[in-house]
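K.L.:
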Amino acid sequence: MLLNGTGDVIDDHEYPATTEELIEEYGDRTLELPNGTETVGDVLARLESETFENSEDARFAVYSAVSDKAVGRVGYSDRDPTPVGSPYAPDAVSF
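Residue numbering for the sequence shown follows this note's numbering, beginning at 1 and increasing consecutively.
(1) Are the beta-carbon atoms belonging to Asp-28 and Gly-36 less than 9 Å from one another?
(2) Note down, in chain order, each residue of its chain lying with its Cβ closer than 6 Å to the Cβ of Glu-50, except the 5 sequence neighbours on either side.
(3) Using a 10 Å radius around the Cβ and a threshold of 16 neighbouring Cβ atoms, would you call Phe-52 buried or exposed?
(4) What separation, rounded to the nearest whole angstrom, lies between the Cα atoms of Ser-64 and Phe-95?
(5) Tell me the residue span of the beta strand (DSSP E) that contains Leu-31.
(6) CA-CA distance, Glu-21 and Asn-54?
(7) Does the Cβ of Val-71 have 16 or more other Cβ atoms within 10 Å, making it buried, or fewer, making it exposed?
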């Protein structure tokens with residue numbers, strides 16, 4: 001997901017680093033997602049301010065804050081039954 005070299009620059013950044021520092025440095029970088037794009041700045045702005053101790057923490061923060069543009073099919077699961085009353089439930093079939 002972190003295309004256009006974004007993952008590499010996050011890895012190469014000097015840590016510890018704050019959310020604000022990462023937004024200032026990389027906020028205009030584009031993340032290519034399955035259903036569109038977002039900037040690193042938009043993604044990290046969804047989070048509270050924190051200090052990342054290493055690049056792994058920063059990457060996980062980005063992964064956790066992307067919008068549903070990163071989800072193939074919203075509400076889809078091939079493992080769990082659809083909960084009763086879910087807007088994603090199929091129409092009932094009567095036999």
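A virtual CB, placed ideally from N, CA and C, is assigned to each residue, including glycine.
On a predicted model such as this, the values are computed, not experimentally measured, just so you know.
P.N.:
On the basis of the supplied data:
(1) In the sequence shown, the residue the question calls residue 28 occupies position 28. In the sequence shown, the residue the question calls residue 36 occupies position 36. In this structure, Gly-36 does not lie closer than 9 Å to Asp-28 by Cβ.
(2) The count along the sequence shown starts at 1 and reaches residue 50 at position 50. So the list reads Thr-19, once near-sequence residues are dropped.
(3) What you label residue 52 is simply residue 52 of the sequence shown in a count that begins at 1. Buried: at least 16 other Cβ atoms inside 10 Å.
(4) As a first step, residue 64 is located in the sequence shown; it is residue number 64 there, counting from the start. As a first step, residue 95 is located in the sequence shown; it is residue number 95 there, counting from the start. Using only the alpha carbons, I get a separation of about 43 Å.
(5) Residue numbering aside, residue 31 sits at position 31 when the sequence shown is read from its first letter. Leu-31 -> beta strand (DSSP E) spans 30-33.
(6) Against the sequence shown, residue 21 aligns to sequence position 21. Against the sequence shown, residue 54 aligns to sequence position 54. So the two alpha carbons sit approximately 13 Å from each other.
(7) Indexing the sequence shown from 1 puts residue 71 at position 71. Flag for Val-71 reads exposed.
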